[in-house]
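One line per chain: the protein sequences are A and B, in this order.
Plus 4 on top of the position in the first sequence (first one is 1) and you've got my numbering.
Plus 95 on top of the position in the second sequence (first one is 1) and you've got my numbering.
Think of the CB as a built atom: it goes at the ideal place given N, C-alpha and C, for glycine as much as any other residue.
Just so it is clear, the structure is predicted and the values come from calculations on it, not from any experiment.
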Amino acid sequence: MISFSNVRTEWFGPVTFDAVAGAPVKIVAPSRDASDAFVRVAAGLARPDSGQVKLLGEDIYAVTEEEYVHLMKDVGLVTQSGGMISNLQTYENVALPALYHGKKTIEELETFTSHVLAGLGIPMDLGETMMRTRPHLLKPYQEKILRIIRAHAMEPVLMIYGELTDQLPDDIGKYVIQLAMEFHRQSKERVSMFVTCDESTLKSIPTAGAIFLDASRQETRE
Amino acid sequence: MDTVVFMNTGRPGARLLVYYQFLILLFTSLTVLARRPVREVLFRQVYFNTVESVHRITIVAALTGMVVITQISQAFGYDPELIGKALMWTVIRELGPLITAILLISGSGAAVTAELSSMKINREFDTLRSMGINPLEYLVIPRMASTIISLFLLNAYFQAAAILGGFVLSMAIIDVSFHQHISSILLSVSVFDVGVSVSKSLIFGAAIAAITCSHGCLVEGSITEIPRAIIGSQMRSLFMIFVIDGLFAYFVFL
Numbered sequence: 005m006i007s008f009s010n011v012r013t014e015w016f017g018p019v020t021f022d023a024v025a026g027a028p029v030k031i032v033a034p035s036r037d038a039s040d041a042f043v044r045v046a047a048g049l050a051r052p053d054s055g056q057v058k059l060l061g062e063d064i065y066a067v068t069e070e071e072y073v074h075l076m077k078d079v080g081l082v083t084q085s086g087g088m089i090s091n092l093q094t095y096e097n098v099a100l101p102a103l104y105h106g107k108k109t110i111e112e113l114e115t116f117t118s119h120v121l122a123g124l125g126i127p128m129d130l131g132e133t134m135m136r137t138r139p140h141l142l143k144p145y146q147e148k149i150l151r152i153i154r155a156h157a158m159e160p161v162l163m164i165y166g167e168l169t170d171q172l173p174d175d176i177g178k179y180v181i182q183l184a185m186e187f188h189r190q191s192k193e194r195v196s197m198f199v200t201c202d203e204s205t206l207k208s209i210p211t212a213g214a215i216f217l218d219a220s221r222q223e224t225r226e
Numbered sequence: 096m097d098t099v100v101f102m103n104t105g106r107p108g109a110r111l112l113v114y115y116q117f118l119i120l121l122f123t124s125l126t127v128l129a130r131r132p133v134r135e136v137l138f139r140q141v142y143f144n145t146v147e148s149v150h151r152i153t154i155v156a157a158l159t160g161m162v163v164i165t166q167i168s169q170a171f172g173y174d175p176e177l178i179g180k181a182l183m184w185t186v187i188r189e190l191g192p193l194i195t196a197i198l199l200i201s202g203s204g205a206a207v208t209a210e211l212s213s214m215k216i217n218r219e220f221d222t223l224r225s226m227g228i229n230p231l232e233y234l235v236i237p238r239m240a241s242t243i244i245s246l247f248l249l250n251a252y253f254q255a256a257a258i259l260g261g262f263v264l265s266m267a268i269i270d271v272s273f274h275q276h277i278s279s280i281l282l283s284v285s286v287f288d289v290g291v292s293v294s295k296s297l298i299f300g301a302a303i304a305a306i307t308c309s310h311g312c313l314v315e316g317s318i319t320e321i322p323r324a325i326i327g328s329q330m331r332s333l334f335m336i337f338v339i340d341g342l343f344a345y346f347v348f349l
């Protein structure tokens, strides 16, 4: 599904691992910058100094632009910040990838989004206001939740979360992890990768161990 | 995308090659317009380019028509047939496509370059790529198509506004008859002239689209590149439409 082979950047490495289908994976970075760099390398957005990254069986830095874009239809990415298209309304941002790839209709997206926002305890009128505003006017936690909804709406086989609970209030953070795990369990083939520099934020995620990007801690721990 | 960046080497003629690549990209990727989100961008851009600039086009067109009518009347006396021919030569063949192209470059052309370059710098191109969306298909193709469609529509509107608006404004200055005015123009207009005007607007539109979009997409690095990209795209677009207009004059009318 996703594998790193001796991947090294100025922020981390060398890192080698192979995530198998169905498993949640915790990646612990030594710093926020390293966490961000790892997510960008894993998503094919920043070429590492050395090593090979395979995404869905393909060397992500050896494929053509067309092949890369095709691969990313099956990958959901939630970075620690940014990631909204500034000239679109929020609801257009949320709907864009699923509509573009024909994975959901507008009605299905509305139902899906309402369900998640209701689960977070966000009143319907606030939810509607959030959806009709420009992304830069959203609070950071609102933006992050909507980016998670957008990624889930694409029904990807690989989810990459960068600092998932960062900037979220505690109760919302817990719900978001629950949401991510529920989504993960919906498909036996799905890999969910949680990248963080604060290991304690992911303690509720049931994994066999964590992968440490810090060279001095590079062993998989129970 | 990589190919386009690769070809922008800074060598003389490299820019022309990039513009050519963008045009090829447009004509080979038109099928993406069938996708709903891309179509929405197209409609939004056409609306922005046309409806939101109608008032400017109307005023400029009416004043252009009035100037042509009053100048011809001043120089040669009021001759409906001559005025019809003069309007046909100037407004339909030349000024319609040229003025609408200049207005489009100064308005939405600058906006397209600014928007694309700021999105590129803010890594929004990467955001789209990470969602499996080719930014060239989602951002560039509808903007290029809308520029061509908009210039065609604006040109047709400009000509109608110049003929009718010019007549209305001229009534305040000279004694003209509406019936004579319209019939003299209709008698002067030929399919050839309309064809030339339409061809010019489409070719100007394609050139402006390729230049404004490529300058927006090729920005790298810092935010200070954005004004340079806008100025570059404006100057090159203006230069290009005058070159194309000159080529038209040479090959079509001589």
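Of the residues the options, the one placed nearest residue i, counting alpha carbons only
i	options	result
residue 266(B)	150(B), 155(B), 165(B), 118(B)	165(B)
residue 48(A)	127(A), 83(A), 134(A), 157(A)	83(A)
residue 278(B)	176(B), 228(B), 316(B)	176(B)
residue 80(A)	164(A), 175(A), 59(A)	164(A)
residue 191(B)	239(B), 299(B), 109(B)	299(B)
residue 21(A)	106(A), 129(A), 10(A)	10(A)
residue 244(B)	142(B), 129(B), 114(B), 117(B)	142(B)
residue 250(A)	90(A), 43(A), 5(A)	Not covered by the structure: residue 250(A). The range shown for chain A is 5 to 226.
residue 156(A)	32(A), 143(A), 180(A), 58(A)	180(A)
residue 167(A)	197(A), 187(A), 160(A), 182(A)	197(A)
residue 286(B)	158(B), 115(B), 188(B), 230(B)	188(B)
residue 327(B)	344(B), 213(B), 309(B)	309(B)
residue 154(A)	126(A), 177(A), 182(A), 118(A)	118(A)
residue 162(B)	136(B), 281(B), 268(B)	268(B)
residue 189(A)	6(A), 57(A), 25(A), 7(A)	25(A)
residue 203(B)	238(B), 233(B), 178(B), 159(B)	238(B)
residue 62(A)	75(A), 51(A), 53(A)	75(A)
Residue range of the alpha helix (DSSP H) that includes residue i
i	result
residue 116(A)	110-123
residue 252(B)	236-266
residue 206(A)	Residue 206(A) -> no alpha helix (DSSP H), and no H or E assigned at all.
residue 153(A)	144-157
residue 278(B)	273-283
residue 315(B)	No alpha helix (DSSP H) contains residue 315(B), which DSSP labels as neither H nor E.
Minimum Cβ-Cβ distance from residue i to chain A less than 9 Å
i	result
residue 315(B)	no
residue 210(B)	yes
residue 113(B)	no
residue 149(B)	no
residue 133(B)	yes
residue 168(B)	no
residue 224(B)	yes
residue 229(B)	yes
residue 174(B)	no
residue 217(B)	yes
residue 213(B)	yes
residue 130(B)	yes
residue 142(B)	no
Residue i, enclosing beta strand (DSSP E) - first and last residue
i	result
residue 22(A)	19-23
residue 4(A)	Since the first residue shown for chain A is 5 and the last is 226, residue 4(A) is missing from the structure and cannot be characterised.
residue 166(A)	162-166
residue 197(A)	195-200
residue 220(B)	That residue, residue 220(B), is in no beta strand (DSSP E); its alpha helix (DSSP H) goes 219-225.
residue 80(A)	79-82
Residues sharing a beta bridge with residue i, DSSP
i	result
residue 59(A)	6(A), 62(A)
residue 88(A)	None, per the DSSP bridge assignment.
residue 155(B)	Residue 155(B) pairs with nothing; no bridge assigned.
residue 149(B)	None, per the DSSP bridge assignment.
residue 12(A)	54(A)
Any chain B beta carbon closer than 9 Å to residue i
i	result
residue 72(A)	yes
residue 10(A)	no
residue 114(A)	no
residue 90(A)	yes
residue 104(A)	yes
residue 78(A)	yes
residue 226(A)	Caution is warranted here: a pLDDT of 37 is assigned to residue 226(A), below 50, making its placement in the model unreliable, and no coordinate value can be reported.
residue 158(A)	yes
residue 96(A)	yes
residue 26(A)	no
residue 87(A)	yes
residue 66(A)	no
residue 62(A)	no
residue 154(A)	yes
Next on the checklist: Would you call the stretch 57-75 of chain A in contact with the stretch 208-222 of chain B, where contact means no fewer than 3 C-beta pairs closer than 8 Å?
Outcome noted: no
Checklist entry - Does the pairing of the stretch 200-213 of chain A with the stretch 122-134 of chain A give three or more beta-carbon distances under 8 Å? => result no
Checklist entry - Can you find at least 3 beta carbon pairs, one from the stretch 125-133 of chain A and one from the stretch 237-251 of chain B, that sit closer than 8 Å? => result no
Item to check | Contact between the stretch 194-202 of chain B and the stretch 151-158 of chain B (3+ Cβ pairs under 8 Å) | outcome: yes
Next on the checklist: Across the stretch 96-104 of chain A and the stretch 131-138 of chain B, are there enough close Cβ pairs to call them in contact, namely three or more that are closer than 8 Å?
Outcome noted: yes
Checklist entry - Hey, is the stretch 220-228 of chain B in contact with the stretch 33-51 of chain A, meaning 3+ C-beta pairs nearer than 8 Å? => result yes
Checklist entry - Taking contact to mean at least 3 C-beta pairs separated by less than 8 Å, is the stretch 254-265 of chain B in contact with the stretch 107-117 of chain A? => result no
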